[in-house]
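Take a look at the structure set out below.
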């Protein structure tokens with residue numbers, strides 16, 4: 151049956167314990183006994199594949215809507231290999247049974263969007279997981295204040311992504327307005343909240359060779375963890391997105407073949423992406439993997455993958471000590487692409503390395519008929535950039551001419567050296 155508020159309030163105990171399952175949220179049940187009514191979840195344990203049950207709240211102190219939100223949150227943990235019983239124990243004690251956290255509200259919001267066939271639901275989910283949940287996801291929505299919303303957008307702006315800050319602000323306002331319409335909130339904490347400026351100038355910062363050398367070595371003394379240091383270096387060596395690299399797991403790496411396999415579930419464009427690893431990138435990964443056995447390649451303070459907000463704070467803290475003009479982690483990706491172009495690497499191959507969907511989807515030929523993965527081209531481009539970056543770091547980068555092998559690959563003519 152589909153549980154309703156009317157049924158939950160009216161159902162009586164028969165003397166024996168009875169579980170009533172909800173058709174809307176698979177696994178959710180209301181357990182009715184002589185002593186109480188409690189919410190529970192039937193799930194499959196990731197560790198051994200056995201069916202198990204756990205309870206996580208009592209009725210009516212936890213409403214039906216809140217229980218459904220909690221189940222969506224618990225199931226997301228199951229997808230990541232976490233036992234639901236352990237997930238229940240992790241839920242913060244500061245949120246009472248009758249309150250929804252922003253993360254639970256977001257789960258209900260996304261479910262509603264998908265039910266309505268909104269194509270933007272995946273992009274909204276990505277923004278929630280990357281930019282919003284790590285900052286305010288555990289706060290009860292009834293306790294949210296405008297200053298909490300500003301904390302989210304301020305951190306995004308600090309990493310130089312004003313456009314993304316505007317998008318996240320719009321998402322927060324939409325989510326909170328929806329929650330009022332649905333009866334989850336009486337008042338909208340986003341009312342009269344002033345989001346970031348509507349007009350954001352495009353970022354143009356690309357670090358020069360001398361700045362890259364200064365940054366690479368200066369990170370050693372910067373006020374950040376060694377994994378944050380190696381993450382920033384990896385982003386520069388591979389031109390990858392910091393958020394995607396920061397979430398990297400050991401299981402995604404094939405070090406023997408020198409490839410990082412980014413799954414579609416974590417890719418911005420929802421497509422799997424293979425990243426060939428240059429010797430320099432492999433050196434960075436080997437340092438990051440040394441000294442721990444955690445699943446996360448770049449772990450944060452809790453051992454889980456480092457968050458975007460943590461990296462943004464570390465970069466901001468270190469601006470003065472590094473002695474460079476203001477820079478962001480995304481500038482590293484732009485810098486890599488700029489130097490690759492300077493080496494003569496084609497815009498098409500640079501787009502492949504950046505995992506821009508427009509590179510292979512802008513025409514019917516490449517989007518429908520060409521199923522070649524271009525791994526060979528990506529490896530050639532990233533290998534050339536890796537050698538150039540290694541020369542920059544070593545202080546031997548006066549000559550920016552591509553290597554002979556790269557000239558042959560890209561059909562470039564050999565340039566004469568100055569006498």
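Residue numbers (this note's numbering): 151 to 569. Even glycine gets a Cβ: it sits at the ideal position worked out from N, Cα and C.
Let me make sure I understand the geometry here. Which of the options has the alpha-carbon closest to that of residue i?
i	options	result
residue 416	405, 396, 434	396
residue 385	210, 212, 214, 480	480
residue 201	208, 209, 207, 192	192
residue 271	321, 152, 545	321
residue 454	410, 399, 261, 265	399
residue 203	156, 295, 420, 190	190
residue 180	160, 418, 369, 196	160
residue 195	212, 210, 177	177
residue 486	526, 456, 392, 523	392
residue 470	535, 525, 296, 364	364
residue 343	418, 306, 296, 224	296
residue 184	162, 172, 328	162
Evaluate residue i with the Cβ neighbour count: other Cβ atoms within 10 Å of its Cβ, from every protein chain shown; 16 or more gives buried, anything less gives exposed.
i	result
residue 168	exposed
residue 334	buried
residue 498	exposed
residue 490	buried
residue 426	buried
residue 436	exposed
residue 311	buried
residue 530	buried
residue 281	buried
residue 403	buried
residue 462	buried
residue 362	buried
residue 564	Residue confidence for residue 564 is low, a pLDDT of 48 falling below 50, so the modelled location carries little weight and cannot support an answer.
residue 354	exposed
residue 165	exposed
residue 446	buried
residue 405	exposed
residue 387	buried
residue 370	exposed
Could you spell out the range, first to last residue, of the alpha helix (DSSP H) harbouring residue i?
i	result
residue 480	479–492
residue 367	359–368
residue 159	155–160
residue 528	525–544
Pull up the DSSP beta-bridge partners for residue i, would you.
i	result
residue 448	Bridge partners of residue 448: none, in fact.
residue 204	191
residue 424	411
Excluding five sequence neighbours on each side, which residues of the same chain lie with their C-beta closer than 7 Å to the C-beta of residue i?
i	result
residue 460	450
residue 219	250, 254, 255, 257, 258
residue 214	153, 155, 158
residue 477	355, 357
For residue i, which residues of its own chain have a beta-carbon under 8 Å away from its beta-carbon, when the five flanking residues on both sides are left out?
i	result
residue 243	Because residue 243 carries a pLDDT of 38, less than 50, the predicted location of this residue cannot be relied on, and no value is offered for it.
residue 367	543
Please list, in chain order, all residues of the same chain as residue i whose beta carbon is under 6 Å from its beta carbon, the five residues on each side excluded.
i	result
residue 533	428
residue 277	318, 321
residue 505	423
residue 287	252, 253
If I follow the unbroken beta strand (DSSP E) through residue i, where does it start and stop?
i	result
residue 330	First-last for residue 330: 312–331, but that is the alpha helix (DSSP H), not the beta strand (DSSP E).
residue 188	187–194
residue 178	178–182
residue 168	168–171
Counting only beta-carbon atoms, is residue i nearer than 9 Å to chain D?
i	result
residue 320	Of the protein chains in the structure, only one exists, and it is not chain D.
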